[in-house]
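Peer 1: Below is one structure. I have some questions about it.
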Amino acid sequence: MFYLRHHFSLRCAPAQANFYHALCFCFLYARFSNFTLEPLLLLNSSTPIYSVLTHSYPKPLLILHFLLLVLSVTSIMASRAVLLLALCVLPAMVVAIRPAKNPFSVKGRVYCDRCRAGFETSATTYIAGAEVMLQCKSRTTNEVVYTKNGKTDSSGAYTIYVDEDHADEVCNAKLVSSPHPECREVTPGRDEALVILTRYNGIASDDRYANAMGFMSQDVAAGCAEVLRQYQEFDNEN
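Per the numbering used here: the sequence shown = residues 5 to 242.
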């Protein structure tokens with residue numbers, strides 16, 4: 005038995021071998037000539053393969069087998085297209101269903117500036133129950149695209165978990181309110197803190213620390229004069 009194998013098989017008797025040799029020729033030519041048969045027109049009656057194609061086999065059956073060949077080659081090309089599509093789509097699907105990485109942990113503290121110094125001092129206390137907010141804005145439109153609220157614990161610290169990467173946004177932790185009746189005035193310049201929320205900046209840790217944010221007390225606490233004098237002396241020495 006003679007077999008032609010290229011994603012399909014054809015069986016024939018030994019007497020039909022010449023026909024399938026011709027069919028092989030057609031197949032190879034079709035593969036490398038973009039499915040045109042123009043060079044076959046250049047063959048003359050003295051060419052053996054011309055004789056096989058035109059005389060050694062019934063023309064209707066020859067045409068039928070040739071059409072089957074073309075369909076088989078078309079099927080091969082379609083299979084390749086499906087394979088190419090799979091190679092393009094499957095990686096995206098794998099990324100989509102891949103388990104998410106650990107969330108970011110935005111951490112910071114909220115303090116009360118009892119000396120109205122504008123910064124943390126040895127007289128500073130930390131506020132429990134202060135409300136804060138994480139806000140992200142688009143770098144191109146400056147529109148708010150993400151917000152999430154948080155609250156400080158008994159030590160004045162807060163943690164806000166963020167699942168998404170915000171590489172294309174500018175994110176800041178912001179003060180919202182203070183539960184302390186005598187310390188509710190926002191300290192100028194300490195009402196928000198920049199937070200980088202992307203894994204494409206070389207930071208390996210999921211913890212992202214924001215600078216401390218603060219409120220000021222209405223009245224200057226006792227002992228603040230001495231505290232500020234010490235800071236002034238330290239600045240003069242340096």
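Quick reminder that beta carbons are idealized off the backbone N, C-alpha and C, glycines included.
(1) Ends of the alpha helix (DSSP H) at L139?
(2) Looking at the secondary structure, which residues open and close the beta strand (DSSP E) in which C116 lies?
(3) Do the stretch 179-188 and the stretch 215-222 make contact, defined as three or more Cβ pairs closer than 8 Å?
(4) Indicate whether K155 and E135 have their beta-carbon atoms separated by less than 8 Å.
(5) In the structure shown, what three-state DSSP assignment does E230 receive?
(6) Helix, strand or coil: how does DSSP classify E196 here?
(7) Report the three-state DSSP secondary structure of F269 (helix, strand or coil).
(8) List the residues that DSSP assigns as beta-bridge partners of C175.
(9) Do you know how far the Cα of L201 is from the Cα of E189?
(10) Specify the secondary structure class of Y204 as computed by DSSP and reduced to three states.
(11) Comparing alpha-carbon positions, which option in A225, A177, Y165 lies nearest D210?
(12) What are the residues that DSSP puts in a beta bridge with A161?
(13) Leaving out five residues before and five after S159 in sequence, what residues of the same chain have Cβ atoms less than 7 Å from its Cβ?
(14) What are the boundary residues of the beta strand (DSSP E) that includes V148?
(15) Mapping the DSSP letters down to three states, classify D211 as helix, strand or coil.
(16) On the three-state DSSP scale, how would you describe E189?
(17) Leaving aside the five residues before and after E237 along the sequence, list all residues of the same chain whose C-beta is less than 7 Å from its C-beta, in chain order.
(18) To which residues of the same chain is N106 closer than 6 Å at the C-beta, ignoring the five residues directly before and after it?
(19) Measuring only the C-alpha atoms, how far is T144 from Y235?
(20) DSSP puts V180 in a beta bridge; with which residues?
(21) Excluding the five sequence neighbours on either side, which residues of its own chain have a C-beta within less than 7 Å of the C-beta of C194, listed in chain order?
(22) Would you mind working out which of F123, T125, A214 sits nearest A161, comparing C-alpha positions?
(23) What does the Cβ neighbour count give for V148, buried or exposed, with the cut at 16 atoms within 10 Å?
(24) Going by beta-carbon coordinates alone, are R118 and A225 separated by less than 8 Å?
Peer 2: Taking the structure as given:
(1) Checking the displayed sequence, the identity of residue 139 turns out to be Gln instead of Leu. Premise fails: Q139 lies in the beta strand (DSSP E), 135-142, not in any alpha helix (DSSP H).
(2) 108-117
(3) yes
(4) yes
(5) helix
(6) strand
(7) This structure cannot speak to residue 269, because the chain is shown only from 5 to 242.
(8) C140, V199
(9) 28 Å
(10) coil
(11) Y165
(12) R113
(13) Y130
(14) 148-155
(15) strand
(16) strand
(17) none
(18) D210
(19) 42 Å
(20) None, per the DSSP bridge assignment.
(21) Here residue 194 is Arg; the residue named in the question, Cys, does not match the sequence. Excluding sequence neighbours, R194 sits near M217, G218.
(22) A214
(23) exposed
(24) yes
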